[in-house]
Amino acid sequence: ALPAETVVYCGHEYTLSNARFALTVDPTNSALKERAAKIEALRADGKPTLPTTIGEELSTNPFLRWHDPAIRKHLGMENASDAEVFAEIRKRKDSF
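Per this note's numbering, the sequence shown starts with residue 325, numbered consecutively.
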């Protein structure tokens, strides 16, 4: 596994849209709420939101948090397999 401090440079600026989506699947995540507010402010000022870190992604990206009980509960999938939860998150993102 990569260290949490590993810096991630993305090729596209999709962070705002991704944060808005993430809040629909993980609305009680305080780290995500804080990050989303920061992203909103940066984009409102015309500033980039990147780079990010592996640690930040692990705490706010629902595609890396499919195992989290809060996400599973919000999706009504407490007893679903990891693959089923991940697929549901992907399905929701596809239609977001």
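All C-beta atoms, glycine included, are put in the ideal place defined by N, C-alpha and C.
- Under the DSSP assignment, Gly379 falls in the alpha helix (DSSP H) whose first and last residues are 378-384.
- Nearest to Glu337 by C-alpha distance, out of Phe345, Asp406, Arg344, Leu374, is Leu374.
- Ranked by Cα distance from Leu388, the first of Asn403, Ala407, Gly370, Gly400 is Ala407.
- The criterion of a C-beta distance shorter than 8 Å is not satisfied by Leu340 and Leu347.
- Considering only Pro372, Ala394, Gly400, the residue with the shortest C-alpha distance to Cys334 is Pro372.
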